[in-house]
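First up is the structure itself, then whatever we jot down about it.
Number of protein chains: 2
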Amino acid sequence: MAGMKKLLLLGLAVLSSGTAALEGARDKSDSPNFVVIFCDDLGYGDLGCFGHPTIKTPQLDRMAREGQKWTNFYVAASVCTPSRAGLLTGRLPIRSGMCSDMRRVLFPDSKGGLPKSEITIARALKKAGYDTAAVGKWHLGHLPPYLPTSHGFDTYFGIPYSNDMDKVAEGPNREIAFDPKSEYWDVPLMRDKAIVERPAKQETITKRYTEEAEKFIAAHRRKDAAPFFLYLAHSMPHIPLFRSKRFVGKSARGYYGDVIQEIDWSVGRLLRALREGGLAEKTLVVFTSDNGPWLIYDTHGGSAGLLREGKGSTWEGGMREPTVFWWPGKLKKGVVTGMGSTLDLFPTFLALAGAEMPGDRTYDGGDLSPALFGTGASPRREMFFYRGQRVYAARVGEYKAHFITKPAYGKGQIVEHDPPVLYHLGEDPSEKYDIAEKNPEVIETIRKIVARHEAGVEPVEDQLAR
Amino acid sequence: MAGMKKLLLLGLAVLSSGTAALEGARDKSDSPNFVVIFCDDLGYGDLGCFGHPTIKTPQLDRMAREGQKWTNFYVAASVCTPSRAGLLTGRLPIRSGMCSDMRRVLFPDSKGGLPKSEITIARALKKAGYDTAAVGKWHLGHLPPYLPTSHGFDTYFGIPYSNDMDKVAEGPNREIAFDPKSEYWDVPLMRDKAIVERPAKQETITKRYTEEAEKFIAAHRRKDAAPFFLYLAHSMPHIPLFRSKRFVGKSARGYYGDVIQEIDWSVGRLLRALREGGLAEKTLVVFTSDNGPWLIYDTHGGSAGLLREGKGSTWEGGMREPTVFWWPGKLKKGVVTGMGSTLDLFPTFLALAGAEMPGDRTYDGGDLSPALFGTGASPRREMFFYRGQRVYAARVGEYKAHFITKPAYGKGQIVEHDPPVLYHLGEDPSEKYDIAEKNPEVIETIRKIVARHEAGVEPVEDQLAR
Chain A
1 MAGMKKLLLL GLAVLSSGTA ALEGARDKSD SPNFVVIFCD DLGYGDLGCF GHPTIKTPQL
61 DRMAREGQKW TNFYVAASVC TPSRAGLLTG RLPIRSGMCS DMRRVLFPDS KGGLPKSEIT
121 IARALKKAGY DTAAVGKWHL GHLPPYLPTS HGFDTYFGIP YSNDMDKVAE GPNREIAFDP
181 KSEYWDVPLM RDKAIVERPA KQETITKRYT EEAEKFIAAH RRKDAAPFFL YLAHSMPHIP
241 LFRSKRFVGK SARGYYGDVI QEIDWSVGRL LRALREGGLA EKTLVVFTSD NGPWLIYDTH
301 GGSAGLLREG KGSTWEGGMR EPTVFWWPGK LKKGVVTGMG STLDLFPTFL ALAGAEMPGD
361 RTYDGGDLSP ALFGTGASPR REMFFYRGQR VYAARVGEYK AHFITKPAYG KGQIVEHDPP
421 VLYHLGEDPS EKYDIAEKNP EVIETIRKIV ARHEAGVEPV EDQLAR
Chain B
1001 MAGMKKLLLL GLAVLSSGTA ALEGARDKSD SPNFVVIFCD DLGYGDLGCF GHPTIKTPQL
1061 DRMAREGQKW TNFYVAASVC TPSRAGLLTG RLPIRSGMCS DMRRVLFPDS KGGLPKSEIT
1121 IARALKKAGY DTAAVGKWHL GHLPPYLPTS HGFDTYFGIP YSNDMDKVAE GPNREIAFDP
1181 KSEYWDVPLM RDKAIVERPA KQETITKRYT EEAEKFIAAH RRKDAAPFFL YLAHSMPHIP
1241 LFRSKRFVGK SARGYYGDVI QEIDWSVGRL LRALREGGLA EKTLVVFTSD NGPWLIYDTH
1301 GGSAGLLREG KGSTWEGGMR EPTVFWWPGK LKKGVVTGMG STLDLFPTFL ALAGAEMPGD
1361 RTYDGGDLSP ALFGTGASPR REMFFYRGQR VYAARVGEYK AHFITKPAYG KGQIVEHDPP
1421 VLYHLGEDPS EKYDIAEKNP EVIETIRKIV ARHEAGVEPV EDQLAR
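Here you go:
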């Protein structure tokens, strides 16, 4: 098959690790700020600029127009805890023990969390002179050694795990979720390591996260202020859905639409704060989400658009997220169809900050600078799709092979495939037409790449099973 | 149920018929030009600005940014012939005999066509002093009395029916379609009433349509030129797919993506011709398609994005199309989520041209000016979804009731529903969650509106069965 050699070479390409930052794009004396806006369970198809017909997202649409819309951007896992571990460490969660075949995520009775030995983006940037703040949902361990302020963040304000945990109301979660009130869940709201409100008043949580983030940005207006890293991880649109009074009934998409429109408002507020603070040209902002939509929750769940399946699945709908990069005057505006991942943020940020990558561990991403500044392609050529501790699927170039498939949470059975089913995601983004039979060499190449990857993974303690 | 009275009132609202044009938006001495760019079998999800991840449509994305993106815009039928009849007459095809329970569309052996008694947009605008041109696929009758130049168009250049008709190659249509060559189909290319090429060289057809349209626009640069109506109905992306050499392999979406990217190029050319000719501020351009994607053709068919089903079906994917309006300096830029339809173009254009609607017949649309100029909402409150001569479904406000359902071509069976299944399209655009049981009054309201509509339809000769 033509192009096979090229595919193999691409597959073998070692991801660069922070050395390829475009020198010209950065004034070394002026390290850029970084803001990550991370949603929870947002579907690929849930923003106006990603094709939703009734959810209005004028602020995100504008952010995409002014920046870059990434259409092949992946998260590190299809559920909350491992996905967040991947983003913050730049390493697949299998390397930190933050994914498990026993439990999907951390729970209020969990003893584990992100090990102290892991280095988060916050810790790495802190070492490079950055101020750091985490606002929102954490979900990488609620016990003191695992909280954000133990992991390189100067401050923290948010909920330590999912907003549907600590349920105290009686009745099936599903029914309660469709008419939610904050008091149905005894979720704590924390400042640094202290609980400051319980149950967290979720009706105003998006608003309060936004205000907290705005304050942090405002504190960095001074010319002599340190550069900063702000990690704003919204609790929404994870069910149960909550939104402020002024957004109730605002969207034709109902409860879910109201919630997204409040997040859109929040994005607008933050970008405005950056603009008005004279910080826009010094700040790279990334908007994405942790995993795909929770499909079993009917209209309270989101939509993956034309992608297959959702949260919990290694089909595209579970792990490809609507992603926007923004940095006025710096990024090459437009649509980027090359691959990227939350795993690439660690090396990208460190490169842009002029900081060295830690040399003592394996990273799973590369510096996206060439794609961001329009000087070249994204360095990412492959993506591994884990469910728990197993590689269910792998993408190499446009080809994706599924060795094991299982639909989104609450639906269907595990099916092992040998040979794997194979899709060309460029031609067939909805993963409808299996082309394995005609492409045995592609499958062999992907098998080799997966085997090499797996050989490089060392066993560590399962933090979710503790 | 709250809001029921409102729904009933909305449902009963008589669609305005051309009298509501915003006077201030038009200089009466200077009637605007109209360009309709009409694709064939384009899916709701197939443009970048409507969420496709790998088809690149920078020209259409720009057109949408500079104009209006309509996300609830319907065609008059889910297949070619009736959809086109609806657009050009402003009347549901049931009124002109251009839909049938016997045959879906017109074929090369058909004797019928759009009756002379029907008034097309072209004829109505001609009467108001417009120059008129049809370029591309016609499919409203290939015999002389039915061709464009018999229906108000000064000139015609294109193919009279679908590009997969007159098959001469041996073998199953499906296999041939996947590796198409022009000579497999003996489709005629016509200029006015004469065949000028047979088989039509389809490889260059999008390019030649574009050049023809550009010439027509260029001929209207003169200050004293008459206003014009250009109807450019692309043959693509109807299978068999063809594109010019320079687009071969251009898209990661393969053959289909190449074709859409050539159409995107074409759109860019026409808008540039309007700009350079000083005509942009005098010209309303509408981009849409005749019906949803032909799903049975695998990757050679398009995608309806998050909408259900495709071509041939009365589910949303069959009849909701990605639609963009453009008129620099005139339209209120943004996303319009109100309902609109190709059935509304006739009254909208006539109103903007200052022409009277013919008073001797029933129309099925209204003047979209309030939505276009941002002075109010779209007048459309209801939409009837016909398959053949029967109302399969009806939308009133955000509610859509299906009395009969059948999937897209080549799939599944007819199912009659009593009571109908009911969806709220605002909250549930993918038509997943039937809410009939909880909303009997909504169904009663929709039943009444359908009954009133059906009582107003007079039987006419079936042109497709001839």
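Same order as they appear, the protein sequences are chains A and B.
Everything in the first sequence is counted per the working numbering, starting at 1 for the first residue and increasing by one.
Everything in the second sequence is counted per the working numbering, starting at 1001 for the first residue and increasing by one.
Beta carbons are placed, not taken as given, at the ideal position from N, Cα and C, and that holds for glycine.
In this text the structure is predicted, and so the values were computed from the model without any measurement.
Cβ-Cβ separation, residue j to residue i (assumed contact under 8 Å), whole Å
i                 : j                 : result
Glu1309 (chain B) : Tyr1044 (chain B) : The pair is not a contact, with the Cβ atoms about 11 Å apart (cut-off 8 Å).
Leu271 (chain A)  : Val285 (chain A)  : 7 Å
Glu1040 (chain B) : Pro1237 (chain B) : The sequence given here places Asp at residue 1040 (chain B); Glu does not occur at that position. That belief holds up - the Cβ atoms of Asp1040 (chain B) and Pro1237 (chain B) are roughly 7 Å apart, short of 8 Å.
Ala133 (chain A)  : Phe216 (chain A)  : 5 Å
Leu1306 (chain B) : Gly318 (chain A)  : Contact doesn't hold; Cβ gap of about 16 Å is too wide.
Pro32 (chain A)   : Pro227 (chain A)  : 7 Å
Asp1095 (chain B) : Val1457 (chain B) : The identity of residue 1095 (chain B) in the sequence shown is Arg, whereas the question assumes Asp. Arg1095 (chain B) to Val1457 (chain B), Cβ: 6 Å. Contact.
Thr54 (chain A)   : Thr89 (chain A)   : Contact flag wrong, Cβ pair sits at about 37 Å.
Same chain, Cβ closer than 8 Å to residue i, neighbours up to 5 away in sequence not counted
i                 : result
Lys1198 (chain B) : Checking the displayed sequence, the identity of residue 1198 (chain B) turns out to be Arg instead of Lys. Around Arg1198 (chain B): Asp1186, Val1187, Pro1188 and Leu1189.
Tyr255 (chain A)  : Leu241, Arg243, Thr299 and His300
Asp1277 (chain B) : Note on identity: in this sequence residue 1277 (chain B) is Gly, with Asp being the wrong assignment. Answer for Gly1277 (chain B): Ile1217, Ala1218, His1220 and Arg1221, listed in chain order.
Lys1333 (chain B) : Arg1065, Glu1066, Gly1067 and Gln1068
Gln389 (chain A)  : Ile94, Cys99, Ser100, Asp101 and Asp462
CA-to-CA distance, residue j to residue i, given in whole angstroms
i                 : j                 : result
Val35 (chain A)   : Leu230 (chain A)  : 5 Å
Val105 (chain A)  : Ala85 (chain A)   : 11 Å
Phe1107 (chain B) : His1142 (chain B) : 9 Å
Ala1124 (chain B) : Leu1087 (chain B) : 13 Å
His1234 (chain B) : Asp1164 (chain B) : 14 Å
Pro1407 (chain B) : Leu1042 (chain B) : 17 Å
Gly152 (chain A)  : Lys193 (chain A)  : 13 Å
Leu1331 (chain B) : Glu1431 (chain B) : 31 Å
His417 (chain A)  : Gly397 (chain A)  : 21 Å
Asp367 (chain A)  : Asn1291 (chain B) : 43 Å
Thr81 (chain A)   : His139 (chain A)  : 6 Å
Ser1110 (chain B) : Pro1160 (chain B) : 12 Å
Arg1381 (chain B) : Leu1422 (chain B) : 17 Å
Gly97 (chain A)   : Ser341 (chain A)  : 19 Å
Thr1204 (chain B) : Ser1266 (chain B) : 12 Å
Residue i versus the options, residue with shortest Cα-Cα distance
i                 : options                                   : result
Asp360 (chain A)  : A:Tyr209, A:Ser117, A:Leu47 and A:Ile443  : A:Ser117
Pro419 (chain A)  : A:Asp428, A:Val442, A:Asn173 and A:Leu425 : A:Val442
Arg339 (chain A)  : A:Ala451, A:Glu214, A:Tyr74 and A:Ile435  : Note that residue 339 (chain A) is Met in the sequence shown, not Arg. With distances taken between Cα atoms, Met339 (chain A) lies closest to A:Tyr74.
Phe1385 (chain B) : B:Val1079, B:Asp1030 and B:Ser1031        : B:Val1079
Tyr433 (chain A)  : B:Thr1299, B:Ala1371 and B:Pro1093        : B:Thr1299
Tyr182 (chain A)  : A:Tyr146, A:Ser244 and A:Lys126           : The sequence given here has Ser at residue 182 (chain A), not Tyr. Minimum Cα distance to Ser182 (chain A) is reached at A:Ser244.
Arg253 (chain A)  : B:Gly1426, B:Arg1447 and B:Thr1071        : B:Gly1426
Which of helix, strand or coil DSSP assigns to residue i
i                 : result
Ala133 (chain A)  : strand
Cys1049 (chain B) : helix
Ser266 (chain A)  : helix
Ala451 (chain A)  : helix
Asp1462 (chain B) : coil
Cys99 (chain A)   : coil
Ser150 (chain A)  : helix
Pro1419 (chain B) : strand
Gly1340 (chain B) : strand
Glu1316 (chain B) : helix
Arg1221 (chain B) : coil
Asn1291 (chain B) : coil
Tyr1074 (chain B) : strand
Gln1059 (chain B) : helix
Phe107 (chain A)  : coil
Nonlocal neighbours in the same chain, by C-beta distance under 7 Å from residue i, ignoring five residues either side
i                 : result
Asp1027 (chain B) : With a pLDDT of only 46 at Asp1027 (chain B), under 50, the local geometry of the prediction cannot be trusted, and the value read off the model is given with reservation. There are no such residues.
Ala1465 (chain B) : Ser1100, Met1102 and Arg1103
Asp30 (chain A)   : Lys282
Val1196 (chain B) : Leu1189 and Met1190
Neighbourhood of residue i by C-beta distance below 6 Å, restricted to the same chain and skipping five residues each side
i                 : result
Ala280 (chain A)  : Leu274 and Pro328
Asp264 (chain A)  : Thr57, Gln59 and Leu60
Val1391 (chain B) : Phe1384 and Val1450
Ser289 (chain A)  : Cys39, Leu42 and Glu321
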